[in-house]
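Scroll down for the structure; my scribbles are underneath it.
Residue numbers (the working numbering): 14 to 305.
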């Protein structure tokens with residue numbers, strides 16, 4: 014197997030051009046193709062299956078202060094620079110008992126992590142509503158200060174050096190390095206932890222968004238529900254049975270216990286729930302059967 018880390022858009026384009034046998038995407042249900050691409054996977058279409066959930070946390074640098082609670086309206090206000098100090102009354106109201114310092118909040122955001130940006134703006138659009146007001150986007154609005162052409166790993170170093178700083182990262186970057194805020198989902202605060210995200214996954218529905226496309230929903234009433242979802246994109250049919258069998262076996266490996274364990278070890282990814290996995294495996298098993 015050869016793997017090229019070119020990004021989801023390039024991979025989908027290559028799959029449409031029959032230059033690769035599978036791709037990945039963070040777009041559920043349907044996949045936008047570049048104008049120059051052909052039809053994705055021919056008349057039978059693709060399978061778009063949720064393979065991993067990557068938790069996204071709000072990390073901050075306040076020495077000695079843990080378990081800060083931020084609702085979506087407050088987070089929106091911080092990013093839009095409407096809330097600029099850690100002891101702002103709105104933050105203090107959500108955190109009785111915490112001695113919040115009178116220091117500036119410094120948002121540290123990258124323009125280089127569109128998946129995380131889209132996940133955060135989706136959360137803000139749902140939970141903050143008109144207080145956010147910019148909708149869901151893979152790019153931060155112009156009113157949000159970002160560091161241009163700066164990788165998330167560099168932002169993490171900046172956060173280490175910035176007391177009062179705040180940033181958003183995938184779990185793999187956060188690890189045990191940073192304190193993280195509890196966020197509010199459907200009126201309930203949820204802590205950023207693997208167990209809490211797993212609870213949201215387990216309680217989440219398995220949605221069929223298009224023929225051959227599944228989505229793993231997260232239930233914010235059950236657990237922490239801010240995450241990037243990674244999808245594997247396979248074709249229903251391949252021109253050669255041998256290729257179909259190889260792709261099918263690869264899909265089975267992704268959704269196997271070993272595959273999901275490795276994804277957690279190497280990428281801090283969490284698995285879809287058993288219902289979603291079972292439905293994905295059935296669709297993958299049909300790849301060989303549907304091939305002439």
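We put the beta carbon where it would ideally sit given N, CA and C, even for glycine.
Assignment of residue 69 by DSSP, reduced to helix, strand and coil, places it in the strand class. Just measuring C-alpha positions, the residue of 141, 123, 195 and 146 sitting nearest residue 160 is 123. CA-CA distance, residue 97 to residue 117, rounds to 6 Å.
Judged by DSSP secondary structure, residue 86 falls within the alpha helix (DSSP H) whose first and last residues are 85-92. Taking C-beta separations shorter than 6 Å and ignoring five residues to either side along the sequence, the partners of residue 144 in its chain run 86 and 89, following chain order.
Note that the C-beta distance between residue 71 and residue 179 is below 8 Å. Around the Cβ of residue 298, a 10 Å sphere holds fewer than 16 other Cβ atoms; the residue is exposed. Selection 149, 121 and 246 evaluated against residue 300 yields 246 as nearest (Cα-Cα). Put simply, the backbone Cα of residue 172 is about 7 Å away from that of residue 121.
Residue 230 holds the alpha-carbon nearest to the alpha-carbon of residue 213 among 222, 230, 224 and 202.
In terms of Cα proximity to residue 277, the closest of 211, 200, 77 and 61 is 211. Each residue's CA atom was taken as its position, placing residue 239 and residue 110 some 26 Å apart. Boundaries of the alpha helix (DSSP H) around residue 280: 270-280.
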